[in-house]
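2 protein chains.
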Amino acid sequence: MTALRRRSPPRTEAELLARARALAGHSLFEIACALRAPGDPEGGLHGKGQAGALLEAALGAPLTSGETHDFPELQVELKTVPLQKNGVPRESTYVCHFALDRAPTMEWSTSWARAKLHRVLFVTTSDSRTPWAERMVHGATLWTPDAEEEAVLRSDFEELVGLAAQGKVDDLVAARGQVMQVRPKAAHGGIRTTLQTEEGELIATVPRGFYLRARFVASILQRSF
Amino acid sequence: MTALRRRSPPRTEAELLARARALAGHSLFEIACALRAPGDPEGGLHGKGQAGALLEAALGAPLTSGETHDFPELQVELKTVPLQKNGVPRESTYVCHFALDRAPTMEWSTSWARAKLHRVLFVTTSDSRTPWAERMVHGATLWTPDAEEEAVLRSDFEELVGLAAQGKVDDLVAARGQVMQVRPKAAHGGIRTTLQTEEGELIATVPRGFYLRARFVASILQRSF
DNA sequence: CAGGATCCAATTGTGGATCCGG
DNA sequence: CCGGATCCACAATTGGATCCTG
Numbered sequence: 001m002t003a004l005r006r007r008s009p010p011r012t013e014a015e016l017l018a019r020a021r022a023l024a025g026h027s028l029f030e031i032a033c034a035l036r037a038p039g040d041p042e043g044g045l046h047g048k049g050q051a052g053a054l055l056e057a058a059l060g061a062p063l064t065s066g067e068t069h070d071f072p073e074l075q076v077e078l079k080t081v082p083l084q085k086n087g088v089p090r091e092s093t094y095v096c097h098f099a100l101d102r103a104p105t106m107e108w109s110t111s112w113a114r115a116k117l118h119r120v121l122f123v124t125t126s127d128s129r130t131p132w133a134e135r136m137v138h139g140a141t142l143w144t145p146d147a148e149e150e151a152v153l154r155s156d157f158e159e160l161v162g163l164a165a166q167g168k169v170d171d172l173v174a175a176r177g178q179v180m181q182v183r184p185k186a187a188h189g190g191i192r193t194t195l196q197t198e199e200g201e202l203i204a205t206v207p208r209g210f211y212l213r214a215r216f217v218a219s220i221l222q223r224s225f
Numbered sequence: 226m227t228a229l230r231r232r233s234p235p236r237t238e239a240e241l242l243a244r245a246r247a248l249a250g251h252s253l254f255e256i257a258c259a260l261r262a263p264g265d266p267e268g269g270l271h272g273k274g275q276a277g278a279l280l281e282a283a284l285g286a287p288l289t290s291g292e293t294h295d296f297p298e299l300q301v302e303l304k305t306v307p308l309q310k311n312g313v314p315r316e317s318t319y320v321c322h323f324a325l326d327r328a329p330t331m332e333w334s335t336s337w338a339r340a341k342l343h344r345v346l347f348v349t350t351s352d353s354r355t356p357w358a359e360r361m362v363h364g365a366t367l368w369t370p371d372a373e374e375e376a377v378l379r380s381d382f383e384e385l386v387g388l389a390a391q392g393k394v395d396d397l398v399a400a401r402g403q404v405m406q407v408r409p410k411a412a413h414g415g416i417r418t419t420l421q422t423e424e425g426e427l428i429a430t431v432p433r434g435f436y437l438r439a440r441f442v443a444s445i446l447q448r449s450f
C-alpha cells in the first residue's frame, strides 16, 4: 500500500463511527483514490488483506505492531467483514494469535482475545467474489458483547485454553467452541511450534489463532442492522 | 425375503446376545443360506434394509407391526449398524417415526423413542460399499443408556419436541440435538403431513423421524468393544 | 403403508497454505 | 516476521428421495 495518506486518529468513538458510516456506499476504489498521494498513479490495490489495511488508513488508525488495538486511544478494534450476497460472512473472523505454550497461565479476563473483542468496529463490505474496484463498504457498527455473548466467549476460551494447557492438541480442533474456535494460522506453510505435555513429551504443532465463527458474526451483524 | 425360515424367539437377553455373537465372523450370504428353505434357490437377497430383516430372522425376532420392540418379550430393539473400514458408521441410525402433530402431548418418559432406546442390541456389519455376499457381521453388544446418555437424550428429545409443539418447524433442522436429531423420513417423495401453529396456521411438512447421530453411535460402540 | 436402511446432490465446515505490505 | 484476510481441497452434514418386503 504505497504512499497512502493516513487520516489523523479519531478522537472519540462517535467520530470513528461517523467516519466509518461516511464510507458506506463507496467502493474501495473510490476510497483508495481519495487517499492516494497526488502523484501516485495506481499503488498496490488488490490482494488479500488489503481491504482491511485500506480501511485502517481511511479511518485514521495509526500503524501499530504487537499487542495493541487498531485504535489504541479508543481501545477499539477494527474488523472488516466481507459479506456474501445473502448478507452472511463466508469465512470465520480472525481474532488473535494463540500461543499454545502459554496456555497454562492464560486467563480470559486478562487475555488479548478478550481485550480485542471488548469493543469492535465491524465494517461490512462486499466479498472478494466481486471485482476489487467494485467492492463496496456496506455499513459499520460498534459492538460490545452483551452479558450472554461474553459468557459464551469466556466459556469457549476456557475450554480451548484448557485443552492446550493439558497438551490435548489433538482435541483442539475447529469444531470446538460454540462461537469462537481455534484454527491454524501459518504465515508460511509448515512452520512448527512445539509444546510440552504434563508428562513432558514434546508435541509439534502448526501455529494457531482464535477465530469467531461466521455464524456468530452473522448474528451480531444481523441484530445491528 | 421369500421363504426365509425364522428362528424361534430367544427366551432371555443372554440367549439373544449369544445368538448374535455366534453370527460374528459370518457373511450375510452364509447366514441367508442357512435360513433359506431347502427348495428356494436364491430369494431376494440384496437391497436396502435387507441386512436388518435378515438378522431379525436369524435371531428369531417375530414379524411385528406398529409400536412394538423387535423382541417384544425381552423389550429389546435390534439395530444393524454398518461400519466403514475405519470402524465408524457412515450414516445416522433411525430410531422411530416422529408424529409432529402429536408433539404437544409427548413426554420423554412415555415416548416410543425412549422405549426403543432403553435396551438396544447393536449388531455391527460391513457397510454397503462391500458387495452384499461379502458383508460380514462384525460383533454385537447390548446397550442401555447410562445416566449421562439418558440425560442428553432426554434433553435433545425435549428440545426437538418442544420446537414441534410450538409449530417452529423451520427450526426443526438436523443440526439440532447433541446426539439425537430429527430428519425427513419419507417413504415416497413428496408426501406431506400438516400441523397447526398455536395461532392456527397450517404448515405442510415432510414426515420426520428421530435419528441417532453417527458420532453418538460410534462412541457407544467404541466403549463396548 | 410401515419399518428397515441406503443413496446422493449440495451445502457447510475443516485444516491448512498463501498472499501483501510495512 | 506480523497482522490482515483469502483461497482451496477435502470431509462431514443436510435434506430429502428411493428401495424392498411382509
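The listed protein sequences correspond, in order, to chains A and B. With this note's numbering, you'll find the first sequence wraps up at 225, consecutive numbering, no jumps. With this note's numbering, you'll find the second sequence wraps up at 450, consecutive numbering, no jumps. C-beta atoms are modelled at their ideal positions from N, C-alpha and C, and glycine is treated no differently.
Whole-number beta carbon distance between P307 of chain B and A439 of chain B, since they are thought to touch under 8 Å: In the second sequence, residue 439 of chain B corresponds to position 214, counting from 1. In the second sequence, residue 307 of chain B corresponds to position 82, counting from 1. The pair is not a contact, with the Cβ atoms about 11 Å apart (cut-off 8 Å).
Next on the checklist: Between which two residues does the alpha helix (DSSP H) holding V442 of chain B run?
Outcome noted: To locate residue 442 of chain B, count along the second sequence from 1; it is residue 217. Residues 439-449.
Check your understanding: With F210 of chain A and A99 of chain A assumed to form a contact (beta carbons below 8 Å), what rounded beta-carbon distance in angstroms separates them?
Key -> One-based indexing of the first sequence puts residue 210 of chain A at position 210. One-based indexing of the first sequence puts residue 99 of chain A at position 99. At roughly 11 Å, the Cβ-Cβ gap does not stay under 8 Å, so F210 of chain A and A99 of chain A are not in contact.
Go through its chain and collect everything with a Cβ distance to V404 of chain B's Cβ below 7 Å, but skip five positions before and after it.
-> Within the second sequence, the letter at position 179 stands for residue 404 of chain B. Contacts found: V377, L378, D381, L437, R438, F441.
For this session: Could you give the DSSP three-state label for A245 of chain B: helix, strand or coil?
Result: Within the second sequence, numbered from 1, the residue matching residue 245 of chain B stands at position 20. In this structure, A245 of chain B counts as helix in the three-state DSSP scheme.
> Out of curiosity, what's the CA-to-CA distance linking L195 of chain A and A175 of chain A?
Replying inline: The residue given as residue 195 of chain A occupies position 195 in the first sequence. The residue given as residue 175 of chain A occupies position 175 in the first sequence. Those two C-alpha atoms are separated by around 22 Å.
Could you pull out every unbroken alpha helix (DSSP H) segment of at least 4 residues lying fully inside the stretch 141-211 of chain A, listed in chain order? Those alpha helix (DSSP H) runs which fall completely within the stretch 141-211 of chain A and span 4+ residues are 147-165.
Helix, strand or coil for P72 of chain A per DSSP?
Looking up residue 72 of chain A in the first sequence gives position 72. Coil, per DSSP.
Distance check for A53 of chain A and V348 of chain B, CA to CA, integer angstroms please. Mapped onto the second sequence, residue 348 of chain B falls at position 123. Mapped onto the first sequence, residue 53 of chain A falls at position 53. Each residue's Cα considered, the two are about 58 Å apart.
Handout entry: Same chain, Cβ closer than 8 Å to T237 of chain B, neighbours up to 5 away in sequence not counted
Key = Walking along the second sequence from the start, residue 237 of chain B turns up at place 12. Once the five neighbours on either side are set aside, the close Cβ partners of T237 of chain B are L299.
Hey, how far is the Cα of R208 of chain A from the Cα of A140 of chain A?
Numbered from 1 along the first sequence, position 208 holds the residue referred to as residue 208 of chain A. Numbered from 1 along the first sequence, position 140 holds the residue referred to as residue 140 of chain A. One C-alpha to the other measures close to 28 Å.
- Message: What would DSSP say about T349 of chain B, mapped onto helix, strand or coil?
- Response: The residue labelled residue 349 of chain B in the question sits at position 124 within the second sequence. It is a strand residue.
Helix, strand or coil at S27 of chain A according to DSSP, with G and I counted as helix: Numbered from 1 along the first sequence, position 27 holds the residue referred to as residue 27 of chain A. The answer is strand: DSSP assigns S27 of chain A an E or B state.
Practice prompt. Spatial neighbours of F29 of chain A within its chain, please: CB distance less than 6 Å, with the 5 preceding and 5 following residues excluded, ordered by chain position.
Written response: Taking the first sequence and counting its residues from 1, one reaches residue 29 of chain A at position 29. Counting only Cβ-Cβ distances below 6 Å, and skipping sequence neighbours, we find A133.
With distances taken from CA atoms, which of B:R360, B:S353, B:R327, B:R448 is nearest Q391 of chain B? On the second sequence, residue 391 of chain B is found 166 positions in, with the first residue counted as 1. Considering only alpha carbons, the answer is B:R327.
Helix, strand or coil: which one does DSSP assign to T93 of chain A? Taking the first residue of the first sequence as 1, we reach residue 93 of chain A at position 93. T93 of chain A carries a strand assignment under DSSP once its states are collapsed to helix, strand and coil.
Cβ atoms of A282 of chain B and L229 of chain B: under 8 Å apart, would you say?
What you label residue 229 of chain B is simply residue 4 of the second sequence in a count that begins at 1. What you label residue 282 of chain B is simply residue 57 of the second sequence in a count that begins at 1. The answer is yes: Cβ separation under 8 Å.
Report all residues from its chain with a CB closer than 7 Å to the CB of E383 of chain B; omit the five preceding and five following residues, and keep chain order.
One-based indexing of the second sequence puts residue 383 of chain B at position 158. Answer for E383 of chain B: W333, listed in chain order.
Cβ-Cβ separation, T64 of chain A to P72 of chain A (assumed contact under 8 Å), whole Å = Counting from one through the first sequence, the residue named residue 72 of chain A turns up at place 72. Counting from one through the first sequence, the residue named residue 64 of chain A turns up at place 64. That belief holds up - the Cβ atoms of P72 of chain A and T64 of chain A are roughly 7 Å apart, short of 8 Å.
Item to complete: Could you tell me the distance, in whole angstroms, from the CA atom of A239 of chain B to the CA atom of I203 of chain A?
Response: Position 14 of the second sequence holds residue 239 of chain B. Position 203 of the first sequence holds residue 203 of chain A. If you take the alpha carbons of A239 of chain B and I203 of chain A, they lie about 46 Å apart.
- Query: If T430 of chain B sits next to V394 of chain B, beta carbons under 8 Å apart, how far is it from one beta carbon to the other, in whole angstroms?
  - Reply: Position 205 of the second sequence, counted from the start, is the residue given in the question as residue 430 of chain B. Position 169 of the second sequence, counted from the start, is the residue given in the question as residue 394 of chain B. Indeed they touch by this definition, with Cβ atoms about 5 Å apart.
(message) For E56 of chain A, report the span of its alpha helix (DSSP H) as first-last.
(response) Residue numbering aside, residue 56 of chain A sits at position 56 when the first sequence is read from its first letter. That run of the alpha helix (DSSP H) goes 50-59.
| In the structure shown, what three-state DSSP assignment does E13 of chain A receive? | As a first step, residue 13 of chain A must be located in the first sequence, where it is residue number 13. Of the three classes helix, strand and coil, the one that applies to E13 of chain A here is helix, per DSSP.
Would you check if the distance between the CB atom of L163 of chain A and the CB atom of G177 of chain A is smaller than 8 Å? Walking along the first sequence from the start, residue 163 of chain A turns up at place 163. Walking along the first sequence from the start, residue 177 of chain A turns up at place 177. No, the Cβ-Cβ distance between L163 of chain A and G177 of chain A is not below 8 Å.
Span separating the alpha-carbon of E77 of chain A from that of H97 of chain A:
Walking along the first sequence from the start, residue 77 of chain A turns up at place 77. Walking along the first sequence from the start, residue 97 of chain A turns up at place 97. One C-alpha to the other measures close to 15 Å.
- With 16 as the cutoff for other CB atoms within 10 Å, does S8 of chain A come out buried or exposed? As a working mapping, residue 8 of chain A is identified with position 8 in the first sequence. Classification of S8 of chain A: exposed, given that the 10 Å Cβ count is below 16.
Beta-carbon contacts of T218 of chain A that lie in its chain and below 7 Å, excluding the five residues immediately before and after
For the purposes of this step, residue 218 of chain A is identified with residue 218 of the first sequence, where counting begins at 1. The amino acid at residue 218 of chain A is misidentified as Thr; the sequence shows Ala. If we look at A218 of chain A and ignore the five residues flanking it on each side, its Cβ neighbours are V88, P89.
- prompt: Between P184 of chain A and S92 of chain A, what straight-line distance do the alpha-carbon atoms span, to the nearest angstrom?
  reply: In the first sequence, residue 184 of chain A corresponds to position 184, counting from 1. In the first sequence, residue 92 of chain A corresponds to position 92, counting from 1. Looking at the two C-alpha atoms, the distance is approximately 12 Å.
- Residue of A:K116, A:M106, A:D146, A:D70 minimising C-alpha distance to P10 of chain A: To locate residue 10 of chain A, count along the first sequence from 1; it is residue 10. It is A:D70.
Rounded to the nearest angstrom, what separates R244 of chain B and L284 of chain B at their Cα positions? Translated into positions along the second sequence, residue 244 of chain B becomes position 19. Translated into positions along the second sequence, residue 284 of chain B becomes position 59. Going from the Cα of R244 of chain B to the Cα of L284 of chain B covers about 6 Å.
Check: To the nearest angstrom, how far is it from the Cα of L280 of chain B to the Cα of E375 of chain B?
Finding: By 1-based counting over the second sequence, the position of residue 280 of chain B is 55. By 1-based counting over the second sequence, the position of residue 375 of chain B is 150. In a straight line, the C-alpha of L280 of chain B is about 27 Å away from that of E375 of chain B.
Would you kindly report the start and end of the unbroken beta strand (DSSP E) that includes L229 of chain B? To locate residue 229 of chain B, count along the second sequence from 1; it is residue 4. Here L229 of chain B belongs to no beta strand (DSSP E), and DSSP marks it neither H nor E.
- Query: Of the choices B:T335, B:T350, B:T293, B:T355, whose alpha-carbon is the least far from that of R246 of chain B?
  - Reply: Along the second sequence, read from residue 1 onward, the residue named residue 246 of chain B stands at position 21. Cα-wise, what sits closest to R246 of chain B is B:T350.
key: Contacting residues, own chain, Cβ-Cβ under 7 Å from M331 of chain B (five flanking each side not counted)   = By 1-based counting over the second sequence, the position of residue 331 of chain B is 106. Excluding residues within five positions, the ones whose Cβ falls inside 7 Å are V386.
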